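For the numbering used here, add 1 to where a residue sits in the sequence shown, where the first one is 1.
To keep things clear, I will list the structure first and then write my remarks on it.
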Amino acid sequence: MKKKKYLFIICCCCVLYATAQKREKFSNKERKNAFGISGGTGFGFDYSRKLSDKFYTTISYNSFVYSIKDFEQEISGETLLVNTDLDFTNIDVKISYHPFSSAFKLVAGLGFFSSSNVNISTTFKDNIKIGDVEFNSADSGSLLIDMNWGKTSPYIGLGFGRSVPRKRLGFAIDIGTYMSSSPEITLDATGIIEDTKNQEGLLNETFESFKFIPYAAFRLSYSF
């Protein structure tokens, strides 16, 4: 009876040892994939894959949509109501390179934009008087400016934190810029300021150097 009891105990110990070894092997298994969510200049989510100890690749979706309504701006004694809408939505493919053993990284890639638009509209807040004629705000007219950047833009940046963290959870920060073409600007005006739309060419020249779209984000990732 005692022999059977000892044999049973030995068998249980063997099973527990084998299970522990299996768990240890699993826990030490290298994680090469990660899902992440990010916030900063918009909201995004991504999938990353570890290529080597120094190189990682990431495909991500980012969206930055923001509006400012009825912002008051005084020009030449008249108060204008300014509405601004920003919409930048893109899918990125990036490569991260860690030149050192630390979490510091250099990042390069391409951004494919389905939308890269800034829209600005202005109207007069109050009635305005020109000579003896008074115009109400509805009849005085409006000014519309529409700015669009290119659909494909290279990206360069730097950051801290691995795309695929060594532990289960990881944090990272990324700062960089998309290098786009000059924005294409259209200008439209109505009412008493209709002649302003003739300045469309000058407006395009003024914003010709606005080729960079900044990006900054904090990222939380889960590796597996």
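Every residue, glycine too, gets a C-beta built ideally from N, C-alpha and C.
As the structure is a computational prediction, the values presented were derived from the model and not from experiment.
Taking 8 Å as the cut-off, the Cβ atoms of residue 167 and residue 37 do not count as close. A straight-line Cα-Cα distance of about 50 Å links residue 142 and residue 58. Taking all protein chains in view, the Cβ of residue 91 is crowded by 16 or more other Cβ atoms within 10 Å, so the residue is classified as buried. For residue 204, the three-state secondary structure derived from DSSP is helix. Look at the beta carbons and you see the stretch 185 to 199 touching the stretch 140 to 158: at least three pairs across the two are nearer than 8 Å.
Taking C-alpha positions only, residue 215 is separated from residue 135 by approximately 44 Å.
Where residue 106 is concerned, the enclosing beta strand (DSSP E) starts and stops at 105 to 125. Within the model, the alpha-carbon separation for residue 73 versus residue 121 is close to 13 Å. Three or more beta-carbon pairs separated by less than 8 Å are not found between the stretch 193 to 209 and the stretch 150 to 157, which leaves the two stretches without contact. Judged by DSSP secondary structure, residue 158 falls within the beta strand (DSSP E) whose first and last residues are 153 to 161.
Remark: three or more beta-carbon pairs, one from each stretch, lie closer than 8 Å, so the stretch 60 to 73 and the stretch 40 to 50 are flagged as touching.
A buried status is given to residue 117, since no fewer than 16 other beta-carbon atoms sit within 10 Å of its beta-carbon. Distance from the CA of residue 79 to the CA of residue 85, rounded to the nearest whole angstrom, comes to 19 Å. Around the beta-carbon of residue 184, 16 or more other beta-carbon atoms lie within 10 Å, marking it buried. For residue 71, the CB contacts under 6 Å within the same chain, skipping 5 residues up- and downstream, are 82 in chain order. In this structure residue 162 touches residue 174 by the C-beta definition: roughly 6 Å separates them, less than 8 Å. Within 10 angstroms of the beta-carbon of residue 177 lie 16 or more other beta-carbons, which makes it buried. Residue pairing by DSSP places residue 134 opposite 131 in a beta bridge.
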